[in-house]
Every structure is written in C-alpha cells, then in structure tokens.
Amino acid sequence: MQIKDISRYVDQEVTIRAWMYNKRSSGSIHFLQIRDGGGRLQATVVKGEVPDEVFELADGLTMESSIIATGVVREDKRSPMGFELAISDLEVVQMAEEYPLQKKEHGVDFLFTNRHLYLRSESQWVILRVRATIIKACIDFLDQRGFVRIDSPILTPTSCEGTSTLFETDYFGESAYLSQSGQLYNEAAIMSLGKVYCFGPTFRAEKSKTRRHITEFWMLEPEMAYYDLEANMELQEDLILHIIDQVLKVHGEELCGVLKRDLNKLSGVVKPFPRLTYDEAMKKLSGLGSERGYDEGLGAEEETLLSQQYDNPLFITHFPMQQKAFYMKRDSDNPSLTLSADLLAPEGYGEIVGASVREDDLKLLEEMRKLHNIPAESLAWYYDLRRFGSVPHSGFGMGLARVVAWLCGLHHVREAVPWPRTLTRIYP
RNA sequence: UCCUCGGUAGCUCAAUGGUAGAGCAACCGGCUGUUAACCGGUUGGUUGCAGGUUCAAGUCCUGCCCGGGGAGCCA
5 MQIKDISRYV DQEVTIRAWM YNKRSSGSIH FLQIRDGGGR LQATVVKGEV PDEVFELADG
65 LTMESSIIAT GVVREDKRSP MGFELAISDL EVVQMAEEYP LQKKEHGVDF LFTNRHLYLR
125 SESQWVILRV RATIIKACID FLDQRGFVRI DSPILTPTSC EGTSTLFETD YFGESAYLSQ
185 SGQLYNEAAI MSLGKVYCFG PTFRAEKSKT RRHITEFWML EPEMAYYDLE ANMELQEDLI
245 LHIIDQVLKV HGEELCGVLK RDLNKLSGVV KPFPRLTYDE AMKKLSGLGS ERGYDEGLGA
305 EEETLLSQQY DNPLFITHFP MQQKAFYMKR DSDNPSLTLS ADLLAPEGYG EIVGASVRED
365 DLKLLEEMRK LHNIPAESLA WYYDLRRFGS VPHSGFGMGL ARVVAWLCGL HHVREAVPWP
425 RTLTRIYP
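Take 5 as the starting number for the first sequence in the numbering used here and just add one per residue.
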C-alpha cells in the first residue's frame, strides 16, 4: 500500500512502510506525520485504543525514524491530508539518531553540506519529481517527432567551442577534457539519422558564482538536418509548451501548494514566443534606460529587463558574430551577424536555450575558425562533415536545471539539481 | 579573478569596547485532535584561525581560511 493511493482504502486495514518526518502529541494522542516516498500522511496513536507498549513506542519515536505502521484508514477533516491512519500496530525498523535538519529555516551552507538529508524535505521532494517529469517530457516529445537519441562522449580530446574553461583529466598520460557540449558529435550523427539529440551531463570550469550557474549540469541538445532558424525556434516553442503542459498536469497541485508557485505564469505561456533581433533588443534596452554599449552584449541585468517586458519566453536572434561560437552560420544579409537565437525565460530566469544554424560551408567555416583562433588539428574530423554531403542544419542546447528552476520558481539552480556542483562545493 | 556581505550553542540569530543571550532542536515533565502544536523545566560556548591595539575585544586594526550575493562568461 502506498500513501498516494490512500483514498481507495478508506475503512480498510493497511500496512505502510514509511519514515517519520514530524511528531506532535497531545498527551494521550500522538500524531505521527509519516512519508513513504510517494506521499505524506498523518497517523494517530491513541492511548487506550492500542496496547500500552505500542503507545510507548510511538511516544519515543524520533524524527526520521523508519517505521512500519498498520492500522485502519479513516477520512478525517482534522488531518492535514483529509485522511489519516488509526494505528493499531507499529514496528520500528530503525530508531533515528538526533536528526540535524529541523522544521524551521536553515542557511544555504548547512542545507547543502547536508544535501543527502535535505533531499527528504518536502520542497526537494517536489522539485526532484518535477525534474523527472521534465526529463520524461523532453524525451517523449523528441521521440514522438522522429528523433533518435545518440549519446555523446563525456571524455573528449578538446574543447568544442574553444572559449569556456574545461575540466582537464589525465587520460593514460594524455590530456582529456570533460565535455561541455555534445553538439559537434550530434552534427556528425544527423548525417546518418537526420534528427538526433543527446542528453547528459556537461561540465563548465567557469568560476561563475551566480544563481544561474553550476559547474556540472544536464543539457538536452537536439540537432536537425535541413532545419533553418525559424523551424528550430518553432521546435523549441512546441517543446517548452509540452514540458509546461506535462508539469502542470502531473504536479500542478504540489507546485502551488508546496512551492507556492504562481501557476498562471506558466499556464499563460502560448506560442508564438516574441522574437527580437539583437539590434532590436539593444534599441529597446536603451529605450528602457539601459546604457549598455552595442558590443558589450546582453548582461544578466539586460536579459532580466528584456524578459520582464513579456509574459512569454523571449527569443533574441541574430547576435553579432564576435559574441558567438565559430561554428555559427552568418546571416547572408548581414555577415557580421549570426543565425542564432537565445531563448530567455520569463521572470528573470535567464537564458534557457541557445540555438543556431551551423555553418555548412567549409570555406566559411575555416574563415571563422581562424577569426576565433581555434587550432585546426582538433577539427579535422568535423571538417569531413562539410566535405561529404554537407547540408544546412541547426540545433540547440537547453539547460535542464534552469528550466526546472523556472518552472518551480526557485531562487537558485542548485535547488533544481540533486547533487549540485558549484564553484565552492563538490561534497556530498 | 574582481566587487560586496557575513562567520557567536547542533540550527536560525541577538549582544554601546565593560558579567556571551534568545528561539528552535535534544533531554525531563504536563496536556484526548495536534496542524512548523502548545505549556513548564534542564543541558548546551576555545565567539572561523593567527597576530595586534587596549586596564578590558564577539565588538577596533592587520593577515589568512570558509561561506552567501553579484559581475564577467555561459545553458
């Protein structure tokens, strides 16, 4: 019997294998708040209605002790869940030692040093399940559209983008690096399979210390042959809408009840998402009082300012080529711009997707490589893709943690990841 | 790397340069419907580390360590 199915067992005797997460007592009645991984329930132990030894056992239960409780399910409005278990028998599997986490507030440092215990708190229980639903929504969505999942290597010989800092490891006496993107490998795979995606961990050794950054995060990277920028953005819109739809369907109640998320902000998202070119965005920003220079790019403050103008996610397109990676195809109408698009989440959650059309012409790609000072050796195999049946293609990368943070309304992406790795934390 | 704020009981925080304290947790006791239960009591401290100023330092100064928030870069 699982707590989530409790309503089907009213007036029946059931046995629940659970943990204590709180206990309140009124002298002759103990109120045990229990959880079994799938839900939460209040159980009562009433003096006189159970053997004295069972009552004494309940009296001595500590926070987070593991128990097996047997009793009759009752519908009762006085219970926080509407149902409660009238315990008749109780077995203690393990009496927990003094539990470090309390019902009251804690600091960030303490919580993440105790991440292995913090995972048990109700907010984290909701977040982790929303995260799993988002992952499933992504995979279902792409699979239904004919994508093939192709895993990219995590150990790589060199940087895919050449700019960000990489984690270096020893590979039998040579240097290898933890992947920061599977994109280049995806580009090879689409020449066989048409539409592919990889989904796995990526690593950035950037010394970033903000609410939007962690050093290890999961990224969904679809890559599509013959997709131009517009088709690419439409795919993103449908993906985001599918994710929101699934999350609201499965977790709407918990998001609202436990995380206090304003669901109207999510259910109000509709396509098409507004699109601004980089030039238009900079003009709009100066109209909003920003003094950001054209070449300075969009800072976090500017991204927030822009996204606050809309209820929907917002595409910024056609970034100057100096600001973007070497493989991005330039706009034939204005070669100083790239065929690129960043998707900014509403409410200041920042960039959740980065997309571009990839340069499919070998000569133009080589020009860009030189401009970006990337060594030619590392790209030999990649250049082959432009020699043997090159086609226009595009793709994007979506940061899972940021999407989870946005949908759950979290203050920091570390809350959206089971075991966050940050600049200052790799334990536990 | 830079800017900024902080480090005092297990946790969250107080304490004009002058006797280190509260709430929660834990422990003991009370309560037959609790909702972060409540009420009474008890226990709990090398004030991050090392120096310095002073009659006197948690408090002022210097250096270091650790953490939070932010910048740049990015998803």
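Note that beta-carbon positions come from the ideal geometry of N, C-alpha and C, so glycine has one too. Owing to the predicted nature of the structure, the values given are computational and were not obtained by experimental measurement.
If you draw a 10 Å sphere on the C-beta of E225, you find 16 or more other C-beta atoms in it, and that means buried.
Across the structure, E227 and K333 are spaced so that their CA atoms are roughly 14 Å apart. Within the same chain, and ignoring the five residues on either side of K107 in sequence, the residues whose Cβ sits closer than 7 Å to its Cβ are N26. Bounds of the beta strand (DSSP E) holding I38 are I33 to R39. Distance from the Cα of A209 is smallest, within the candidate group E351, Y431 and T426, for T426. Going by beta carbons, Q46 and E88 fall inside the 8 Å limit.
Using a Cβ-Cβ distance cut-off of 8 Å, the stretch 120-127 and the stretch 240-252 are not in contact, since fewer than three pairs of beta carbons, one from each stretch, lie closer than that value.
Counted as a single uninterrupted DSSP element, the alpha helix (DSSP H) harbouring N268 occupies residues N268 to S271. Looking at the DSSP output, H397 shares a beta bridge with A229 and R362. For the pair C412 and V112, the CB atoms are not nearer than the 8 Å cut-off. In chain order, H322, L341, T342 and L343 place their CB closer than 8 Å to the CB of D335, counting only its own chain and leaving out the 5 sequence neighbours on each side.
D346 sits buried, since 16 or more C-beta atoms from the chains shown fall within 10 Å of its C-beta. Taken in chain order, the whole beta strand (DSSP E) runs of length 3 or more contained in the stretch 120-194 are 172-175 and 178-182. Here the stretch 358-366 lies against the stretch 387-395, with 3 or more beta-carbon pairs under 8 Å apart.
Between the alpha carbons of R406 and F400 lies a gap of roughly 15 Å. If you draw a straight line from the Cα of R39 to the Cα of G86, it is about 15 Å long.
The stretch 144-164 makes contact with the stretch 197-216: 3 or more CB pairs, one atom from each, lie closer than 8 Å. Exclusion of the five residues before and after I194 leaves V200, E227, M228, A229 and H397 as the residues of its chain whose Cβ lies within less than 7 Å of its Cβ. DSSP places Y387 in the uninterrupted alpha helix (DSSP H) bounded by A384 to D388. In the DSSP assignment, T321 is bridged to T281 and A345. Collapsing the DSSP output to three states places G204 in a strand. For T308, the CB contacts under 7 Å within the same chain, skipping 5 residues up- and downstream, are G352 in chain order. By the CB criterion at 8 Å, T74 and S92 fall inside the cutoff.
Here I378 carries a coil assignment [DSSP, helix/strand/coil].
In the DSSP annotation of this structure, F330 is not part of any beta strand (DSSP E), being labelled neither H nor E. With contacts defined by Cβ atoms closer than 8 Å, L389 and E191 form a contacting pair. Taking every protein chain shown into account, the CB of T19 has fewer than 16 other CB atoms within 10 angstroms, so this residue is exposed. Here A136 is not near L94, since their CB atoms are 8 Å or more apart. By a beta-carbon distance limit of 8 Å, R44 does not contact I71. Their separation comes to about 14 Å. Contact between M286 and M402 is absent: CB atoms are separated by about 25 Å, not below the 8 Å threshold. Residue pairing by DSSP places D299 in no beta bridge whatsoever.
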